[in-house]
Amino acid sequence: MTLASTDFTNRLSQLCEEYRQNNGFTHEDYTTYNVKRGLRNPDGTGVMAGLTRICNVHGFLVDDGVKIPDEGKLTYRGIDVNDIIDACISENRFGYEETAWLLMFGKLPTREQLEMLKYFLAEARDLPENFAEDMILKAPSRDIMNKLARSVLAMYSFDDNPDDNSLENIVRQSISLIACLPTIMTYAYQVKRRHFENKSMYFHPIDKSLSTSESILHALRPDCHFTDSEAKLLDLCMILHAEHGGGNNSTFTTRVLSSSGTDTYSAISAAIGSLKGPRHGGANIKVKHMMDELLANIKDLTDEEEIADYLGKIITKDAGDGSGLIYGFGHAIYTLSDPRAKILKKNAKKLSAEKGMTDIYEFYKRVEKLVPSVFENVKGSKKVICANVDFYSGFVYDMLGIESDLFTPLFAVSRIAGWCAHRIEEITYGGRIIRPAYRSMVKPTGYVPLDERTAD
């Protein structure tokens, strides 16, 4: 009997039932022992696990222990992300590279510093010799996130000094990973297309004169062509996804691994694995699937009653993926609004007109408007709920001609700037391995000799 045999498959149900009989907790168990599930307090706020100067995420106020909804605000090193976006738009320039500098070093770069970082990123964008052939072409992956994680881990073998956790070495590694992760993503995408979808793959020479967002579109387009507005909208998305505080799952993963003293490649690879999850970065794909279903089943995209009716069916599990969730809404911190969603919504309008997708844009707006009232009507919940960044990001990527396979990977190639900033901060100032406690619920029991055991 092998692990792939039918006999073993049939036995799996027995193994799982054995597990269920000997394990499990009740909700009362967590309450009795004051366990902070998900490292969150009973009021939904996060357990304080550290200090950071990198980012602040504001979504509510607390007055006498009562959580009061408030407009969302996201600041990078104390600077409102809206101000960063507005400056880049008014000056008609790209901003992701500037944002990466700000996050890692703590202050906006001078013109000379910014040009220096752009130069370093351009020089490091190409992959090490034979890396693409050995790590990507010879081992295609159906999921690009897994390929990103594997490839980042493999970069360890191509680094002459991988385990040195000095500030100088981690900064060098960080710049290298910020530069080459988009290249790994686009290569992995091309190989996936060829191997699993029987489509042509194409690898364009790297143009060192391009910004990060331009390089991505240059690599993804068969003819390398893209418009300036397309590249700048992708750049905007990357700025918004670059960082979101130390408590989000993937960034906390980076800090947990970094606190152990492990190498940069292990920490960032683990963060990518975290971001892949549908409860984290993978949610943007769920939004895409949900919206595609709505567009396919709603006859009149302007009929709010029909839209609300279908949203209600999703909540009651009569439609959608059966989870009862409306993806792209709600957040652990944001209540009245997610500033990232507001910025994406505002800046997607112009491109939707250029792409002839204004009707779809207006449909997204109607869904956003209706979801809170549908939740209240169907579930009787008065909880304040808003659209989050995942709701509009997929629509933007659709307009840019980017396939859903790349939605979460694009999140990763943006967020790596924040991950690296938090790794640097944790290694430099953390000082202790992160080790929360788990209460044991096991009662003492005696050892039973093998021949005396029964399966019960």
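Adding 78 to a residue's 1-based position in the sequence shown gives its number in our numbering.
Ideal placement from N, C-alpha and C gives every residue a C-beta, glycine not left out.
The stretch 421-503 is shown to contain whole alpha helix (DSSP H) runs of 4 or more residues at 436-457, 467-477, 485-503, in chain order. By the neighbour-count criterion, in which a residue is buried when 16 or more other Cβ atoms sit within 10 angstroms of its Cβ, residue 225 is buried. Taking the C-beta atoms as reference points, residue 315 is found nearer than 8 Å to residue 471.
When C-beta atoms of the stretch 504-515 are compared with those of the stretch 262-271, fewer than three pairs fall below 8 Å, so the two segments do not count as touching. The three-state secondary structure of residue 146, taken from DSSP, is strand. A direct Cα-to-Cα measurement between residue 407 and residue 155 gives close to 27 Å. Residue 434 and residue 310 have their C-alpha atoms spaced approximately 19 Å apart. Look at residue 358 here: in three-state DSSP terms it is coil, with no helix or strand label. Taking C-beta atoms under 8 Å as the contact rule, residue 136 and residue 122 fail to qualify, at a distance of about 14 Å. Collapsing the DSSP output to three states places residue 157 in a strand.
Taken through DSSP and simplified to helix, strand or coil, residue 365 comes out as helix. For residue 137, the enclosing beta strand (DSSP E) has its first and last residue at 133-141. Looking at 306, 269, 213, 280, the one whose alpha-carbon comes closest to that of residue 170 is 306.
Measuring C-alpha to C-alpha distances from residue 429 to each of 304, 182, 523 identifies 304 as the nearest. Nearest C-alpha to residue 446 among 396, 103, 466: 466. For residue 319 against residue 489, the beta-carbon gap comes to about 5 Å, under 8 Å, which counts as contact. Burial check for residue 533: the Cβ neighbour count within 10 Å stays below 16, so the residue is exposed. Within a 10 Å sphere around the beta-carbon of residue 182 sit 16 or more other beta-carbons, which makes this residue buried. Each of 278, 364, 215 was checked against the Cα of residue 301, and the nearest Cα belongs to 278. Of the residues assessed, residue 454 falls on the exposed side of the cut-off, its CB having fewer than 16 other CB atoms within 10 angstroms.
For the options 336, 140, 324, 235, the alpha carbon positioned closest to that of residue 152 is the one of 324.
A distance below 6 Å between beta-carbons, with the five flanking residues on each side excluded, links residue 166 to the following residues of its chain, in chain order: 173. Sixteen is the threshold: when 16 or more other Cβ atoms of the shown chains lie within 10 Å of the Cβ of residue 418, as they do, the residue is buried.
Contact between the stretch 339-354 and the stretch 245-260 is present: three or more C-beta pairs spanning the two stretches fall below 8 Å.
Within the same chain, and ignoring the five residues on either side of residue 512 in sequence, the residues whose Cβ sits closer than 6 Å to its Cβ are 334, 337.
With fewer than 16 other Cβ atoms from the protein chains shown falling within 10 Å of its own Cβ, residue 517 counts as exposed. Fewer than three pairs of CB atoms, one per stretch, sit closer than 8 Å, so the stretch 520-534 makes no contact with the stretch 279-298. Rounded to the nearest angstrom, the Cβ distance from residue 329 to residue 496 is 6 Å, consistent with a contact under 8 Å. The residues 263, 266, 267, 270, 483, 484, 487, in chain order, have a CB closer than 7 Å to that of residue 222 in the same chain once the five nearest residues on each side in sequence are set aside. Between residue 293 and residue 313, the C-beta gap is not smaller than 8 Å, which leaves the two residues out of contact.
Short of 6 Å from the beta carbon of residue 200, and not among the five residues preceding or following it, lie these beta carbons of its own chain, in chain order: 286.
For residue 250, the enclosing alpha helix (DSSP H) begins and ends at 245-275. Where residue 390 is concerned, the enclosing alpha helix (DSSP H) starts and stops at 382-393. Beta-bridge analysis with DSSP links residue 151 to 136. Per DSSP, reduced to three states, the secondary structure at residue 118 is strand. DSSP lists no beta-bridge partner residue for residue 339.
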